[in-house]
Structure formats: structure tokens, C-alpha cells
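What follows is one structure encoded as C-alpha cells, with my remarks underneath.
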Amino acid sequence: MSSFQLTNSVTDQIKKAAQSYGACRTGIARLDRVPDYVAEAYSRWLASGHNASMEYMERYEAVRNDPRLLLDGAKSIIVCAFNYFPEKIRNKSLPYIALYAYGNDYHTVLRKRLRPLAGVISLITGATSRICIDTAPLHERYWAVQAGIGFTGRHSQLIVPGTGSYVFLASIITTAELEPDKPCRLQCPAECRRCIDACPGRAITTDSHINASRCISYLTIEHRGPFPDGTNTANCLYGCDMCQRVCPLNNCVSPTAISEFSPQDTILTLDADTIPDMSPDEFSNTFRNSAIKRAKLEGLRRNAALIISQRK
1 MSSFQLTNSV
11 TDQIKKAAQS
21 YGACRTGIAR
31 LDRVPDYVAE
41 AYSRWLASGH
51 NASMEYMERY
61 EAVRNDPRLL
71 LDGAKSIIVC
81 AFNYFPEKIR
91 NKSLPYIALY
101 AYGNDYHTVL
111 RKRLRPLAGV
121 ISLITGATSR
131 ICIDTAPLHE
141 RYWAVQAGIG
151 FTGRHSQLIV
161 PGTGSYVFLA
171 SIITTAELEP
181 DKPCRLQCPA
191 ECRRCIDACP
201 GRAITTDSHI
211 NASRCISYLT
221 IEHRGPFPDG
231 TNTANCLYGC
241 DMCQRVCPLN
251 NCVSPTAISE
261 FSPQDTILTL
271 DADTIPDMSP
281 DEFSNTFRNS
291 AIKRAKLEGL
301 RRNAALIISQ
311 RK
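Printed below as a string of C-alpha cells:
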């Protein structure tokens, strides 16, 4: 196909297809190097050590700053948001589990939904595409803003107007030159500090970045080994969500229509008391299709042990 820009009717077809595969919002941006201010802000964040032990976030700098390197001839990025807010919430008497972990592992779910969408793009445009979930080195939220999907809140999460921040992001990079959307220029209310003030670890910095070493989501999911002295996970077993729970822009949330994100019964009823004696086989069977396996059995035991000790 020639390199001329494809029309709105083509982008409308792609967006309708994305909606049919479960996306609650889809936008398109023209690929280029990210602006210097984006790359420099990320470099400062790394230099401050705010990625804690997540050394993988330091890799592939060149690709992160120029995602065209992910696919030869790439011209556009299609960014999709998928609502994951569950129809049921765990009883408040139980330790907290992040809502994104209630259903099946989103990496698997989103990849299965983006594959046929990439096929539609190829069929319509003749272009080559590459699917990117959050394991690809992308400034994901920057591209979501450029694609008009939403804006970055003070808690650093993407907020989709009318939907909220309980969304997964997934992208398709393509060689098709698609009509881009206008970037989202909305911002959080100037006076609102609810997420900053509510964060149990005081992890949200003044420039709306996250100091992972203080973030309960990082500590209960990514951190390996014993907790730092004095850690209080605020009765969180896996993840935290406090910055999202208090956000007034999440008052509009509605349950997801994606069946794979429906809460698993074992997740809805899981208590800290059942974890210390859980065998590796039980852990594997219970969390085979869950993002909770990311914490590993040792991490989940550690989280449960702290919760149990702080009950006394």
C-alpha cells in the first residue's frame, strides 16, 4: 500500500473493531521520538532510584525513546484502554487485593484480543503490525495521552474521562500511516490532592511520579526478600489501589463487560490465614491464570505474615 495517510473512515473501522474486542476507548497517534522533556523526566526518575529494584525499567532506553525501533517502517500507534473494574468487590474484612488481579491475567487476555484486531488492521490497510502489552519498552501513558485516550493523574495513572483509571492499556504499532487523534489536554482539578494525601507510603512525589520503594503495590508485588524495617502494608495482601480508590474521577466507574476480568471465586475469598501453609502446587493451581502469581509464593507468604503479625 502507498504511504499516503489513510482516511478517517479507515480509522473509524479500526476503532469499531477495537470496541468489538472489548476496548472502552481507542486512539491513534503518529509515531516519532518522544520529546526531550519526557525522556529527561524518566531519566531523572531512574537517577533518583525511584524504580527501586526494577532494573528492567533501565533497559532499552533507545527503543523507549523512539518506539519506531520496535517495528521497521512503523508510522502509527493505536492505543486501547480496557476497563477491568470488577462487578464484585472483596469483603472489607479481608486484606486488600488490587482490583486488576481479580480476573484472569491481563497479559494473556489482552494479547488474545489484540491479535484479531491486528489482523483487521492488516486486512484493511495491508500494513504490518506489532502488539505491545506493558512488557514492551514504551512510554505507554505518554502515547495514550497523545492518542487522546486520557490524561495522566497526579498518581501517575492514566485517567480516561467518563471511565476513570481502572483500565489496562495495550497498543499496536503499525506501518500504516493512520489519521491521528488530537492529544488529550485535560488535567486533574488544580486543588485536588486526594491521592497524594491518602497514599499509605507517601510514595507520590511532587512531580506526580511514584517512588516505588515507598509504594505498597511495589512492595507487595515486585519487591523480593524481607520487607524494609518499619514497613506497614496497610492490610494489603497484593497491590494497594488507594490512590485510585480516593480519586473523585473514579466516581463514574462501571463494571467491566470483559468476561475474563470477572472475579475468580478463589480471589474473592482469599484470606491471609490460608497462605502460610499453601504448598507450591496449591499456589500454582490457585493462581495459574491470575496476575497474583507475579508475587511468587514466597512474596505472598511474606505479605500474609506481616498482615497476621499486625493484627495482634
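Each residue of the sequence shown is one higher than the last, beginning at 1 in UniProt numbering.
C-beta: ideal position from N, C-alpha, C; glycine also.
Query, Result
"Closest Cα partner of Y21 within the set A257, G162, D265 and E140", "A257"
"Assigned secondary structure, V160 (DSSP; H/G/I helix, E/B strand, else coil)", "strand"
"Through-space distance from I267 to L94, alpha-carbon basis", "11 Å"
"Touch test, the segment 131-138 against the segment 161-178, Cβ-Cβ under 8 Å, three pairs minimum", "yes"
"Burial state of I307 (16 or more Cβ within 10 Å)", "buried"
"Same chain only: Cβ atoms within 6 Å of R25, ignoring 5 sequence neighbours per side", "A81, I149 and V160"
"I196 in three-state terms, based on DSSP", "helix"
"Extent of the continuous beta strand (DSSP E) run through N83", "S76 to N83"
"Within-8 Å CB hit, C199 to chain C", "Of the protein chains in the structure, only one exists, and it is not chain C."
"Classification of C252 by the beta-carbon crowding that lies within 10 angstroms, buried from 16 upward", "exposed"
"Beta-carbon proximity of I292 to A147, cut-off 8 Å", "no"
"Beta-carbon proximity list for T11, same chain, < 7 Å, skipping 5 on both sides", "I28, L178 and E179"
"Local Cβ density within 10 Å of I89, reported as buried at 16 or more and exposed below that", "exposed"
"Straight-line Cα distance separating A176 from L71", "11 Å"
"Backbone secondary structure at S171 - three-state DSSP", "strand"
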